[in-house]
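So the structure is just underneath, and the comments pick up after that.
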Amino acid sequence: MQYEITLPADYDMGVIRDRVATRGHLLDGAPGLGLKAYAVRERGRDGSPVNEYAPFYLWDDPAALTGFLRGPGFDALSGDFGRPSVRHWHTVAREHGSARAEPPNRAERTVRTLRPDTPLDPQLTEATEALRRTARADGVHTAALGLDPYRWELVRFVLRSGPPAPDAGGEEDRPYGAPDAPTERYTVLHLSEGTPRPPG
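The sequence shown begins at 932 in our numbering and counts up one residue at a time.
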């Protein structure tokens, strides 16, 4: 799940940083949450044309997603910025990366449209195999792949720690096709991880 709040070009992004610093911990340990990456883009940095607050969530429990949207945290966000449109995807794969023990400080999102003339399963299998290879790369914390069956799109979201590589981007391993738009790069201000589901 992700929502994107685009802010004015002259917006003081310190406001968002302060917001995350004071409120980001509120979802630490949340039941049903896999993780929440408090992600931002800043105009003129890493190729971003906009200032944007765009947190990305991985939910272990769909009911927890609905509960979050009905809850006080999302109400407060909507009161401050207006209620954003929320995109959500069906999880295809999620991989722990080689740098799982390190807190991530950056992220990348790549979206591509699935080929209509090719069966779905081999395309998802190919993308999942590529995701696993990405997860083994140095500095990767978590890599996830989601499916939007309305637009027939795949989104790939990769959390990384440490400085960007010279070719920085997560675009190095895309045998399943070029993205429909350039990879969007984010700074991660905080990572909340939820309470794992009990077995069974």
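For every residue, glycine included, the Cβ atom is placed at its ideal position computed from N, Cα and C.
Here the structure is a predicted model, which means the values were calculated and not measured.
Item, Value
"Could you work out which residue in Phe1088, Leu1085 and Val946 is closest to Asp1011 when comparing CA atoms only?", "Val946"
"Just the Cα atoms here: how many angstroms apart are Ala1066 and Asn982?", "28 Å"
"Just tell me which of Leu1045, Pro1113, Tyr1117 and Thr937 has its CA closest to the CA of Gly1013.", "Thr937"
"Just to confirm the assignment: which complete alpha helix (DSSP H) runs, minimum length 4, are found wholly within the segment 953 to 1006?", "993 to 1001"
"Examine the Cβ distances between the segment 1114 to 1122 and the segment 1029 to 1046 and report whether three or more of them are shorter than 8 Å.", "yes"
"Where does Gly1004 land, buried or exposed, given buried means 16+ other C-beta within 10 angstroms?", "exposed"
"With Thr1073 and Leu1090 assumed to form a contact (beta carbons below 8 Å), what rounded beta-carbon distance in angstroms separates them?", "5 Å"
"Taking 8 Å as the cut-off, decide whether the C-beta atoms of Gly1125 and Gly960 are in contact.", "yes"
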